[in-house]
Amino acid sequence: MSRRFGGYEPPLEMSLSVSRSHGYTAGARMQRETIQIQNFIGGQFVRPKAGRYLDNIEPATGLPYSQVPDGDAADVELAVEAAEKAFPSWSRTPAAERSRILLRIADLIERDLEKFARAESIDTGKPLALARSLDIPRASSNFRFFATAILHTENEAHVTDGVAFNYTLRQPRGIVGLISPWNLPLYLLSWKIAPAIAVGDTAIAKPSELTPMTAFLLCEICQEAGLPAGVLNIVHGTGPNVGAAITAHPKIGTISFTGGTLTGRKVAEAGAALFKKISLELGGKNPNIIFADADFEAAIAGSVRSSFANQGQVCLCGSRIFVERSRYPEFVRRFTEKVAQLRLGDPLEASTDQGAIVTKVQMDKVQYYVELAKEEGGKVELGGAAPQPPNDRCRNGYFFPPTVITGWPVSCRVNREEIFGPVVTITPFDEDDEVVRYANDVEYGLSSSVWTQNLNRAHLVAEQIHAGTVWVNCWLVRDLRVPFGGMKQSGVGREGGEEALRFFTEAKNVCIARS
Ligand code: NDP
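Note that the sequence shown ends on residue 1888 in our numbering; no numbers are left out.
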């Protein structure tokens, strides 16, 4: 039996709850009575036009626990009609009113933090504690940040001596398409939705079909917050069906995409023919450089996080660690000891540091790269094979232990291709120039970390690394005002702060002649 989910009863906390006594209680119920997510179009929850649904699997159990619309171009067309209808009024709504509604959305996400965090953990396999401390608070911050940012913008004016006076209007562009991946579902989708609707655009968003639940919950919150119908529309379904229909639609002139590099290429190709404005946030193979003069306690703790947060499924994870040779053996020993202490477990257990991998396909990909590393001559210092399931509930779940590999050339495939899982490599280096060369010797350029107490060296190395972000003595410190994005095959364009406000608007110069 299917339960329509959209104006749903009983509330999600009952369906997705964790019993105080011993873990998860809802599995049996969800196998009997599947939650059915709906599209959100024109302010209403609606079934996909073709009536098709896909099973949504809980990674920790390997079992379907909900259904997600298997939408297509017909659903995108409906969403375009709704967004088009909403645009004239929303784009003229005063910034203060748009801000008020976005702030209300932020408040409501905070109010429902626990419900959102559980939904995110169940959908993705990430530890509940991570969803509670990172993903959901950040989603709320995204709305709060852009709600207030639009109240403090300035208009530029350029005076042409004796001839004219120019001023710049930044106007909303119209209907925007927002496509996001499965690893940080609400965090990344709200990072796009918030600036887009804050500036007065109307949006059609597509979350990954693998992790649709929190996007669905967000729609309920938008209704409650009084967001006018059609300002935000969410169409669920696969990339080739819904994603491709969004990127190909002639009325959607702006696309903000986060995902893999190969998919990004398809999005760019589809959009180029229609001259769309496109922002691409793509994959990474990020270097994490530890100099001998670093604060080793901090570097090791930071590297454990940057290697294995969210089971290594963060685009910013530092999957290539380089350590100055004089301290390489010490680093490998201490880092490996610390990684061995990470507790792999049921994502819903409070003690869990490492949850499940998002799908079996992804888990198999991780295993494939570990086998490849061995073939290429690498030594597996830790992990490398599927562990025992953490409990009976998770006996069919997708788990892979944190894996540390050493001892083979930087040029091998495992050191160049994005794995997007709990696997890191550690390589020694001797000279600053040498490590900069290693860092840059991949097709990606998303982020990097540098650990050193030498300020001069930090500046010099940061300047030379080909990456959109260089963290010095830290990782994943994210100020929402700073430009964010990748170089080379990690992306095109920047998001964040002013960059996002500019991306989602069109600059128009008004030139008034001096009489
Ligand atoms: P994918 O590229 O497979 O998918 C991303 C999104 O694009 C999904 O919603 C997907 O839909 C959709 N999609 C798939 N095919 C098409 C298409 N032809 N046209 C339009 N949309 C399509 O990435 P993953 O979901 O596997 O995410 C992991 C990747 O994302 C990694 O490479 C990671 O580095 C990158 N990433 C980059 C970030 C950054 O900020 N630079 C941040 C986070 C992740 P569906 O899943 O439903 O098929």
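Glycine is no exception: its CB is placed at the ideal position from the N, C-alpha and C atoms.
At a cut of 8 angstroms, does the stretch 1798 to 1810 reach the stretch 1679 to 1699 through at least three beta carbon pairs? yes
Please confirm whether Ser1820 and Trp1844 have their CB atoms less than 8 angstroms apart. Position 447 of the sequence shown, counted from the first residue, corresponds to residue 1820. Position 471 of the sequence shown, counted from the first residue, corresponds to residue 1844. A contact, by the Cβ cut-off of 8 angstroms.
Once the 5 residues before and after Pro1703 are set aside, which same chain residues still bring their CB inside 8 angstroms of it? Within the sequence shown, the letter at position 330 stands for residue 1703. Looking at the sequence provided, one finds Glu at residue 1703 rather than Pro. The answer, listed in chain order, is Phe1669.
Please confirm whether any heavy atom of the ligand NDP lies closer than 7 angstroms to the CB of Ser1863. As a position in the sequence shown, residue 1863 is number 490, starting the count at 1. Result yes, Cβ under 7 angstroms from the ligand NDP.
Return the first residue and the last residue of the beta strand (DSSP E) that Glu1879 is part of. By 1-based counting over the sequence shown, the position of residue 1879 is 506. Element bounds for Glu1879: Thr1878 to Ala1886.
Curious, which full-length alpha helix (DSSP H) runs of at least 4 residues does the stretch 1683 to 1767 contain? 1701 to 1713 and 1733 to 1748
Using 8 angstroms as the threshold, is the stretch 1448 to 1461 in touch with the stretch 1403 to 1423, meaning 3 or more CB pairs across them? yes
Cβ-heavy atom distance, Leu1551 to the ligand NDP, below 7 angstroms: Walking along the sequence shown from the start, residue 1551 turns up at place 178. For the ligand NDP, not one heavy atom lies less than 7 angstroms from the Cβ of Leu1551.
Buried or exposed: where does Arg1867 fall if 16 or more other Cβ atoms within 10 Å of its Cβ makes it buried? Counting from one through the sequence shown, the residue named residue 1867 turns up at place 494. By the 10 Å Cβ count, Arg1867 comes out buried.
For Ala1545, name the three-state secondary structure that DSSP assigns. In the sequence shown, counting from the first residue as 1, residue 1545 sits at position 172. Per the sequence shown, residue 1545 should be read as Pro rather than Ala. Correct three-state label for Pro1545: strand.
In the structure shown, what three-state DSSP assignment does Leu1819 receive? What you label residue 1819 is simply residue 446 of the sequence shown in a count that begins at 1. Of the three classes helix, strand and coil, the one that applies to Leu1819 here is coil, per DSSP.
Tell whether a beta-carbon distance below 8 angstroms holds between Asp1574 and Phe1877. As a first step, residue 1574 is located in the sequence shown; it is residue number 201 there, counting from the start. As a first step, residue 1877 is located in the sequence shown; it is residue number 504 there, counting from the start. Between Asp1574 and Phe1877, the C-beta spacing is below 8 angstroms.
Starting from Thr1533, follow its DSSP beta bridges and name the residues at the other end. Along the sequence shown, one-based indexing puts residue 1533 at 160. Here Thr1533 is bridged, per DSSP, to Ala1537.
Assuming Ala1530 contacts Phe1538 (C-beta within less than 8 angstroms), just tell me the rounded distance between them. Here residue 1530 is taken as the residue at index 157 of the sequence shown, counted from 1. Here residue 1538 is taken as the residue at index 165 of the sequence shown, counted from 1. The Cβ separation is near 7 angstroms, so the contact holds.
Validate contact between the stretch 1872 to 1887 and the stretch 1560 to 1573 using beta carbons, cut 8 angstroms, 3 pairs: Touching, per the Cβ criterion.
Considering only residues of the same chain and omitting the five flanking positions on each side of Arg1854, which have a CB-CB separation below 6 angstroms? Here residue 1854 refers to the residue found at position 481 of the sequence shown. For Arg1854, where only same-chain residues beyond five positions count, the Cβ hits under 6 angstroms are Gly1870.
Report yes if the C-beta of Ser1581 is less than 7 angstroms from at least one heavy atom of the ligand NDP; otherwise report no. As a working mapping, residue 1581 is identified with position 208 in the sequence shown. Checking every heavy atom of the ligand NDP against the Cβ of Ser1581, one is found closer than 7 angstroms.
What are the partner residues of Leu1329, as DSSP defines its beta bridges? Nothing can be reported for residue 1329, as the shown portion of the chain is limited to 1374 through 1888.
At a cut-off of 7 angstroms, is Pro1613 close to the ligand NDP when judged by its beta-carbon and the heavy atoms of the ligand? The residue you call residue 1613 lines up with position 240 of the sequence shown. Pro1613 Cβ: within cutoff of the ligand NDP.
Roughly how many whole angstroms lie between the Cα atoms of Glu1816 and Ser1462? For this step, residue 1816 is matched to residue 443 along the sequence shown. For this step, residue 1462 is matched to residue 89 along the sequence shown. Rounded to the nearest angstrom, the two C-alpha atoms are 44 angstroms apart.
Can you list, in chain order, the residues of its chain with a C-beta nearer than 6 angstroms to that of Ala1504? Leave out the 5 residues immediately preceding and following it. Counted from its first residue, the sequence shown places residue 1504 at position 131. Ala1490, Glu1493 and Ser1494.
Between the alpha carbons of Ala1831 and His1839, how many angstroms are there, rounded? Numbered from 1 along the sequence shown, position 458 holds the residue referred to as residue 1831. Numbered from 1 along the sequence shown, position 466 holds the residue referred to as residue 1839. Their Cα atoms are separated by approximately 14 angstroms.
Can you say whether Tyr1741 is buried or exposed, counting buried as having 16 or more other CB atoms within 10 angstroms of its CB? Reading the sequence shown from its first residue, position 368 is the one you call residue 1741. Exposed is the call here.
Can you say whether Arg1766 is buried or exposed, counting buried as having 16 or more other CB atoms within 10 angstroms of its CB? As a position in the sequence shown, residue 1766 is number 393, starting the count at 1. By the neighbour-count rule (16 or more Cβ atoms within 10 Å), Arg1766 is buried.
Could you check whether Gly1415 and Gly1603 sit closer than 8 angstroms to each other, using their CB atoms as the reference points? As a first step, residue 1603 is located in the sequence shown; it is residue number 230 there, counting from the start. As a first step, residue 1415 is located in the sequence shown; it is residue number 42 there, counting from the start. It is a contact, given that the beta carbons lie within the stated cut-off.
Whole-angstrom distance between Ile1430 and Val1834, CA atom to CA atom: Start at 1 with the first residue of the sequence shown, and residue 1834 comes out as number 461. Start at 1 with the first residue of the sequence shown, and residue 1430 comes out as number 57. If I take the Cα positions, the gap works out to 43 angstroms.
Between the C-alpha atoms of Ser1888 and Gly1535, what's the straight-line distance to the nearest angstrom? Within the sequence shown, residue 1888 is the residue found at index 515, counting from 1. Within the sequence shown, residue 1535 is the residue found at index 162, counting from 1. Looking at the two C-alpha atoms, the distance is approximately 9 angstroms.
Pull up the distance between the alpha-carbon of Pro1545 and that of Tyr1771, whole angstroms please. By 1-based counting over the sequence shown, the position of residue 1545 is 172. By 1-based counting over the sequence shown, the position of residue 1771 is 398. About 43 angstroms.
Provide the residue span of the beta strand (DSSP E) that contains Gly1790, from first to last. By one-based count along the sequence shown, residue 1790 stands at place 417. According to the sequence displayed, residue 1790 carries Glu and not Gly. Neither: Glu1790 is in no beta strand (DSSP E) and is coded neither H nor E.
With a threshold of 7 angstroms, establish whether the CB of Cys1344 neighbours any heavy atom of the ligand NDP. Here the chain has residues from 1374 to 1888 only, and residue 1344 is not among them.
In the DSSP assignment, the alpha helix (DSSP H) including Lys1579 goes from what residue to what residue? Along the sequence shown, read from residue 1 onward, the residue named residue 1579 stands at position 206. For Lys1579, no alpha helix (DSSP H) segment is defined; the enclosing uninterrupted segment is the beta strand (DSSP E) at Thr1575 to Lys1579.
Distance cut-off 7 angstroms: Lys1565 Cβ against heavy atoms of the ligand NDP: Residue 1565 sits at position 192 when you count from the first residue of the sequence shown. No, since every heavy atom of the ligand NDP falls outside the 7 angstroms radius drawn around the Cβ of Lys1565.
Contact between the stretch 1617 to 1637 and the stretch 1583 to 1601 (3+ Cβ pairs under 8 angstroms): no
Under the DSSP definition of a beta bridge, which residues are partnered with Tyr1426? Along the sequence shown, read from residue 1 onward, the residue named residue 1426 stands at position 53. Per DSSP, Pro1442.
How far does the beta strand (DSSP E) with Asn1661 in it reach, from first residue to last? Counting from one through the sequence shown, the residue named residue 1661 turns up at place 288. Per DSSP, Asn1661 belongs to the beta strand (DSSP E) from Pro1660 to Ile1663.
When you compare the CB positions of Glu1654 and Gly1859, do they come within less than 8 angstroms of one another, or not? Within the sequence shown, numbered from 1, the residue matching residue 1654 stands at position 281. Within the sequence shown, numbered from 1, the residue matching residue 1859 stands at position 486. Yes. Within cutoff.
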